[in-house]
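Participant: Numbering (the working numbering), first residue to last: 1 to 201.
Set out below in structure tokens:
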């Protein structure tokens with residue numbers, strides 16, 4: 001019998017496969033050519049997708065005992081994901097005052113050219129804060145590494161990266177070489193197995 005987390009992961013897999021997974025030739029942000037594309041915004045920008053992903057991520061934070069105070073990541077993949085996690089953490093806090101609250105942030109690819117000129121946006125509690133970096137899809141890890149570098153230079157602790165889909169194209173290994181733990185909800189293999197009618201591992 002599936003646990004609640006396993007059932008939720010299965011539901012997320014079905015959502016991602018039906019709404020975001022496309023078998024077609026495409027050029028990725030990394031510059032690579034691929035025969036499939038995963039547009040997670042088709043899931044993260046829906047009420048059902050945002051809610052289920054946020055529930056799963058909060059469960060994963062508890063299960064993995066991640067000591068973090070805020071969640072966020074690079075624009076744009078992390079923005080709806082982090083916002084959903086933050087909102088749901090407040091709902092849990094209202095039911096249980098011992099539950100953790102997670103504020104959110106996002107990291108621009110470049111500092112703003114006007115106004116405050118910030119590259120990191122969000123109500124950070126201060127330097128040294130441990131944060132969890134989120135993103136939707138992991139390919140080579142370039143955008144995540146850039147965001148992590150900006151956060152670390154600003155004094156924040158980053159130990160873990162969590163993504164919805166790991167395309168299994170070297171990104172995990174690139175992040176691990178920088179001392180980062182990498183968690184993924186799904187992998188390319190999960191999507192291909194689902195397409196073939198095979199169950200989740």
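Note that beta-carbon positions come from the ideal geometry of N, C-alpha and C, so glycine has one too.
No experiment lies behind these values; they were computed from the predicted model shown.
Grab me the residues of residue 276's own chain with a C-beta within less than 6 Å of its C-beta, minus the 5 sequence neighbours each way, in chain order.
Facilitator: There is simply no residue 276 to check, as the chain begins at 1 and stops at 201 in what is shown.
Participant: Between the beta-carbon of residue 104 and the beta-carbon of residue 70, is there less than 8 Å?
Facilitator: One-based indexing of the chain shown puts residue 104 at position 104. One-based indexing of the chain shown puts residue 70 at position 70. Yes, the Cβ-Cβ distance between residue 104 and residue 70 is below 8 Å.
Participant: Are residue 75 and residue 107 closer than 8 Å when you measure CB to CB?
Facilitator: Here the question's residue 75 lines up with position 75 in the chain shown. Here the question's residue 107 lines up with position 107 in the chain shown. Their beta carbons are under 8 Å apart, which means residue 75 touches residue 107 by this criterion.
Participant: Just the Cα atoms here: how many angstroms apart are residue 156 and residue 150?
Facilitator: The count along the chain shown starts at 1 and reaches residue 156 at position 156. The count along the chain shown starts at 1 and reaches residue 150 at position 150. Whole-angstrom Cα-Cα distance: 9 Å.
Participant: Near residue 2, what residues of its chain come up, given a Cβ to Cβ distance below 6 Å and the 5 sequence neighbours on each side ignored?
Facilitator: Walking along the chain shown from the start, residue 2 turns up at place 2. Counting only Cβ-Cβ distances below 6 Å, and skipping sequence neighbours, we find nothing.
Participant: So, at 8 Å on beta carbons, what are the nonlocal neighbours of residue 56 in its own chain, with the 5 sequence-adjacent residues on each side left out?
Facilitator: Within the chain shown, the letter at position 56 stands for residue 56. Taken in chain order, the residues that qualify are 5, 8, 9, 12, 185.
Participant: With a Cβ-Cβ cutoff of 8 Å, do residue 17 and residue 191 count as a contact?
Facilitator: Within the chain shown, residue 17 is the residue found at index 17, counting from 1. Within the chain shown, residue 191 is the residue found at index 191, counting from 1. Closer than 8 Å, so yes.
Participant: Unbroken beta strand (DSSP E) runs of length 3 or more, entirely within the region 81-126: which are they?
Facilitator: The region 81-126 contains these whole beta strand (DSSP E) runs: 103-107.
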